[in-house]
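Q: Under our numbering, read the sequence shown as residues 802 to 1092, first letter to last.
We treat Cβ as the ideally placed atom computed from N, Cα and C, and that holds for glycine.
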Amino acid sequence: MTCSINTKQYQGKGSEGYIGKNMSRTSQLKDEARRVLDSIKTGSHQKRAYRKKVLFRFVNALSGTEFVPPTWYGLNKNHIASVVQYWRNKNLNDNSIRMYLADIRYFLQAIKHDISNIDNRSLGLNRSREKDKRPFSPDCLQKISDKVVILLLKLQTEFGLTLSEAFRFTPDLHIREQFLLLSRDMTNNSSDRSVEISTQNQKDVICLAESIIEMNQNPIKQHGYTLLREQYRHEIIKAGLSPKANYRYVYARARLANLEKANKPADAKRIVLSEMGITGLTLWRYLNEPG
802 MTCSINTKQY QGKGSEGYIG KNMSRTSQLK DEARRVLDSI KTGSHQKRAY RKKVLFRFVN
862 ALSGTEFVPP TWYGLNKNHI ASVVQYWRNK NLNDNSIRMY LADIRYFLQA IKHDISNIDN
922 RSLGLNRSRE KDKRPFSPDC LQKISDKVVI LLLKLQTEFG LTLSEAFRFT PDLHIREQFL
982 LLSRDMTNNS SDRSVEISTQ NQKDVICLAE SIIEMNQNPI KQHGYTLLRE QYRHEIIKAG
1042 LSPKANYRYV YARARLANLE KANKPADAKR IVLSEMGITG LTLWRYLNEP G
């Protein structure tokens, strides 16, 4: 969803009487942020309230830097960099700052205000390599409040989809009674694939998908790629996971172990390779390398 801000109310006030004072500017920025965020209905009530809290905290930090733009469309990279430094001076850790910036970028995307080079790396918020990979556990899901992000993660862990495939998963198109039929236009190996629906967890994922994704829609069509990606990144980090990681390895391990109970190892392996559209080497990595 995209929103616009009415800039006429900023005009004709006089630099000293209205936009020249930081308190007036911060109040106006908060009012506009509140109006825009109230019009965005994606995410849970808790998540929407959290976004608003982050935006207000950002505006307060702008005021603390004494570098407040008259409108949101006057915001630039220097403002954001100043806030990052301000937060660091207040002993806010980089992980928290990264999470806040994800919501700031979400808001800027919603009002169609593009600012170059405000990614974490450009702002000096590089993540340490030793934290790039974190093991998945079902407990992580309890820390995620956004149902769409939960769906994206569960499509990886319960059906072995890639994140890209999960973004393009269309329930009324891809769900059959006993299996998922993934079309070649959305699969990572450009081939049709089917994945059997055999567990209660998988059935629960199907119910979730059908309840939150509208007819003839997928997560990208329904929410937009950029906003969806930012939301996924934000929630995954909050859950103690890495947004760079591929979580379909969880499915590969569980599926192979279950198939081997009733099939020869070679046959079990063949089924997993077919369902996931991967090579034997990739499967070996999923089974043997740390998650």
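Look up ILE976 in the DSSP assignment and say whether it is helix, strand or coil.
A: strand
Q: With DSSP as the reference, label SER1075 as helix, strand or coil.
A: Under the three-state reduction of DSSP output, SER1075 falls in the helix class.
Q: Determine contact between the stretch 914-929 and the stretch 847-854, defined as no fewer than three beta-carbon pairs at a distance below 8 angstroms.
A: no
Q: Pick out the complete alpha helix (DSSP H) segments inside the stretch 1008-1078, 4 residues or longer, and give them in chain order.
A: 1020-1024, 1026-1039, 1050-1060 and 1066-1077
Q: Specify, as a first and last residue, the run of the alpha helix (DSSP H) that VAL869 falls within.
A: Neither: VAL869 is in no alpha helix (DSSP H) and is coded neither H nor E.
Q: Hey, quick one: how far does the alpha helix (DSSP H) through SER883 stretch, first residue to last?
A: 878-890
Q: With distances taken Cα to Cα, identify the nearest neighbour of GLY1078 among ASN877, ILE912, THR988 and LEU953.
A: THR988
Q: Are VAL1006 and LYS955 close, meaning C-beta to C-beta below 8 angstroms?
A: yes
Q: Can you give the Cα-Cα distance for GLU959 and LYS891, rounded to whole angstroms?
A: In a straight line, the C-alpha of GLU959 is about 42 angstroms away from that of LYS891.
Q: At the level of alpha carbons, what is the spacing between ILE905 and ILE919?
A: 10 angstroms
Q: In whole angstroms, what is the alpha-carbon distance linking GLU931 and LYS878?
A: Residue placement at GLU931 is flagged as unreliable, the pLDDT there being 41, under the threshold of 50; the coordinate-derived value follows with that caveat. Distance between the alpha carbons of GLU931 and LYS878: 28 angstroms.
Q: Can you tell me which of the three DSSP states ARG994 falls into?
A: strand
Q: Alpha carbons only, please: which of SER1012, GLU1061, ARG1034 and HIS975 is nearest the one belonging to ARG994?
A: HIS975
Q: Between HIS880 and ALA862, what straight-line distance do the alpha-carbon atoms span, to the nearest angstrom?
A: 10 angstroms
Q: Residue range of the alpha helix (DSSP H) that ARG922 falls in?
A: Under the DSSP assignment, ARG922 falls outside any alpha helix (DSSP H); it carries neither an H nor an E label.
Q: How many Å lie between LEU1101 and TRP1085 at the Cα?
A: The shown model of the chain, from 802 to 1092, leaves out residue 1101, and the question about it has no answer.
Q: Is the distance from the Cβ of TYR901 to the Cβ of LEU953 below 8 angstroms?
A: no
Q: Within the chosen definition, does the stretch 960-972 reach the stretch 1016-1023 through at least 3 CB pairs nearer than 8 angstroms?
A: yes
Q: From the DSSP secondary-structure annotation, give me the bridge partner or partners of LEU981.
A: ILE976 and VAL996
Q: Grab the span of the alpha helix (DSSP H) containing THR1083 for me, first residue to last.
A: 1081-1089
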